[in-house]
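Under my numbering, the first residue of the sequence shown is numbered 443, with each subsequent residue one higher.
Some notes on the structure that comes next.
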Amino acid sequence: QISEAATNEKQQNIQHSEGQQSVVRRSLAAVPAASAPVPDDVADRVRRAVCEIRACEAGADPR
């Protein structure tokens, strides 16, 4: 029963996430800047920042 409940919860989370993604995509479709390419160096900086934030949330020292 626990496994089934976990599976059901995971499926609900997936459905919620997909719904949120759909809402965001529709919202961004009307924003011209949303379709502009992001320079590689900027994307790399954002990825590094996300990694640091996640490491901090997990209690790890990002440095």
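Ideal Cβ placement from N, Cα and C applies to all residues, glycine included.
Residue i in three-state terms, based on DSSP
i	result
Q443	coil
A471	helix
R505	Confidence at R505 is low in this model, with a pLDDT of 47, below 50, so the placement of that residue is unreliable and no value is reported for it.
A448	helix
V466	helix
Test item: CB-CB of residue i and residue j under 8 Å
i	j	result
L470	A476	yes
Rounded straight-line distance, which links the Cα of residue j to that of residue i
i	j	result
V465	V488	23 Å
Q457	N450	11 Å
P474	C498	34 Å
S445	D483	43 Å
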